[in-house]
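S.K.: Can you keep this structure in mind? I'll have questions shortly.
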Amino acid sequence: LAKTTQPISMDSYEGQEVNITCSHNNIATNDYITWYQQFPSQGPRFIIQGYKTKVTNEVASLFIPADRKSSTLSLPRVSLSDTAVYYCLVGDTDRGSTLGRLYFGRGTQLTVWP
Amino acid sequence: GAGVSQSPSNKVTEKGKDVELRCDPISGHTALYWYRQSLGQGLEFLIYFQGNSAPDKSGLPSDRFSAERTGGSVSTLTIQRTQQEDSAVYLCASSLVLGGSSTDTQYFGPGTRLTVL
Chain A
343 LAKTTQPISM
353 DSYEGQEVNI
363 TCSHNNIATN
373 DYITWYQQFP
383 SQGPRFIIQG
393 YKTKVTNEVA
403 SLFIPADRKS
413 STLSLPRVSL
423 SDTAVYYCLV
433 GDTDRGSTLG
443 RLYFGRGTQL
453 TVWP
Chain B
14 GAGVSQSPSN
24 KVTEKGKDVE
34 LRCDPISGHT
44 ALYWYRQSLG
54 QGLEFLIYFQ
64 GNSAPDKSGL
74 PSDRFSAERT
84 GGSVSTLTIQ
94 RTQQEDSAVY
104 LCASSLVLGG
114 SSTDTQYFGP
124 GTRLTVL
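Chains as they are written, first to last, in my numbering: chain A, 343 to 456; chain B, 14 to 130.
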C-alpha cells in the first residue's frame with residue numbers, strides 16, 4: 343500500500359500561488375495520484391487527479407514528473423477561503439487490487455493570511 | 014442530486030454502550046467507505062463495500078466494530094461496548110465505480126462526531 347509524505351503545514355498570503363509537494367516513492371504502475379481538500383467540520387472534497395505529466399482544472403493544477411515519485415499541487419492566487427487541509431493520495435481502486443484502501447495520511451494544513 | 018448524508022451528526026454516549034451510525038450514499042453509487050478521523054489526524058480507513066462483493070474489513074480496529082450495507086444502499090456502522098478511544102468523527106463516502114484503473118472519486122458525507130464519556 344503506497345504511502346505519501348507531505349509537509350505538515352504551509353502558510354501563504356492572499357493572491358499568491360501555493361505549491362504543495364507530495365512524495366510517494368513506492369507508487370505502483372497502476373496507481374493514480376489524487377488530491378482532496380478538507381475544511382473544518384466537513385468531509386474531504388475531491389480537487390484533482392492525475393497519472394503523469396500535468397493536469398489542470400478550474401481549481402488547481404497537478405504536476406507529476408516522469409518518475410512519478412512525487413507530485414505537486416498548485417493553487418493559483420489563493421484566497422482566505424483556500425485555508426484547509428490538503429491530502430495527497432495514491433492508489434488504484436480497480437477491483438482486485440487495493441480495492442478502496444486509500445491512505446489519506448495527515449495532510450498539509452494550508453493557512454492563507456490576508 | 015443529494016449528496017452523502019450521515020446521521021446522527023453528533024452522538025454522545027457512555028463508555029460501554031453500543032452505538033449505530035448511519036450512512037446514506039449518493040443514489041446509484043455502488044461503492045461505500047467508512048473512515049475514522051481523530052482530532053488533528055488524517056483519515057483512517059475502516060471498511061469498504063463494493064456492490065455485492067464481500068466487504069473489505071481490513072481496517073476495522075477491533076471486533077467491537079462491524080458494518081453492514083443493506084440492499085446495496087444504506088450502511089450502518091456499529092460500535093459495541095464503546096471505549097473513550099473510539100471518540101472521533103466517523104466519515105462515510107461513496108463512489109461510482111467506473112471500472113478501469115483510475116481511482117474513483119469519493120464523495121464524503123458531513124460525518125458523525127462521536128464522543129464517548
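Here a beta-carbon is modelled for each residue, glycine too, at the ideal position from N, C-alpha and C.
1) Measuring only between beta-carbons, confirm whether Ser114/B sits less than 8 angstroms from chain A.
2) Between Pro386/A, Phe388/A, Tyr428/A, Thr376/A, which has its C-alpha nearest Val360/A's C-alpha?
3) Just to confirm, are Leu104/B and Leu45/B a CB contact at a threshold of 8 angstroms?
4) In angstroms, rounded to a whole number, what distance separates the CA positions of Thr91/B and Leu452/A?
5) Could you check the C-alpha separation between Thr440/A and Pro68/B for me, to the nearest Å?
6) Identify which residue in Glu33/B, Lys24/B, Gly122/B, Ala15/B has its Cα closest to the Cα of Arg77/B.
7) Going along chain A, which residues have a C-beta under 7 angstroms from Leu104/B?
8) On the DSSP letters alone, give me the boundaries of the beta strand (DSSP E) that Leu45/B sits inside.
9) So, using beta-carbon positions, are Val102/B and Gln50/B closer together than 8 angstroms?
10) Express the C-alpha separation of Ile350/A and Thr363/A in angstroms, rounding to a whole number.
11) With the cut-off set at 8 angstroms, would you say Ala402/A and Leu415/A are in Cβ contact?
12) Could you give the first and the last residue of the continuous beta strand (DSSP E) run that contains Phe446/A?
13) For Gly85/B and Ile39/B, what's the separation of their Cα atoms in angstroms?
14) Does chain B have any CB closer than 8 angstroms to the CB of Tyr429/A?
15) Is there a Cβ from chain B that is less than 8 angstroms from the Cβ of Phe388/A?
16) Out of Ser365/A, Gln358/A, Gly449/A, state which residue places its alpha-carbon closest to the alpha-carbon of Phe405/A.
17) Which residue or residues does DSSP assign as beta-bridge partners of Ser403/A?
18) Using the three-state DSSP reduction, which class does Gly392/A fall into: helix, strand or coil?
M.R.: In short, the structure shows the following:
1) Any answer about Ser114/B is weak, because its pLDDT of 48 lies below 50 and its placement is not dependable; what the coordinates show is given next. At least one chain A Cβ lies under 8 angstroms of Ser114/B.
2) Tyr428/A
3) no
4) 34 angstroms
5) Here Thr440/A scores only 44 on pLDDT, less than 50, and its place in the model should not be relied on; the value that follows carries that caveat. The alpha-carbon atoms of Thr440/A and Pro68/B are separated by roughly 12 angstroms.
6) Glu33/B
7) Gly385
8) 44-50
9) yes
10) 11 angstroms
11) yes
12) Here Phe446/A belongs to no beta strand (DSSP E), and DSSP marks it neither H nor E.
13) 11 angstroms
14) yes
15) yes
16) Ser365/A
17) Thr398/A, Ser416/A
18) strand
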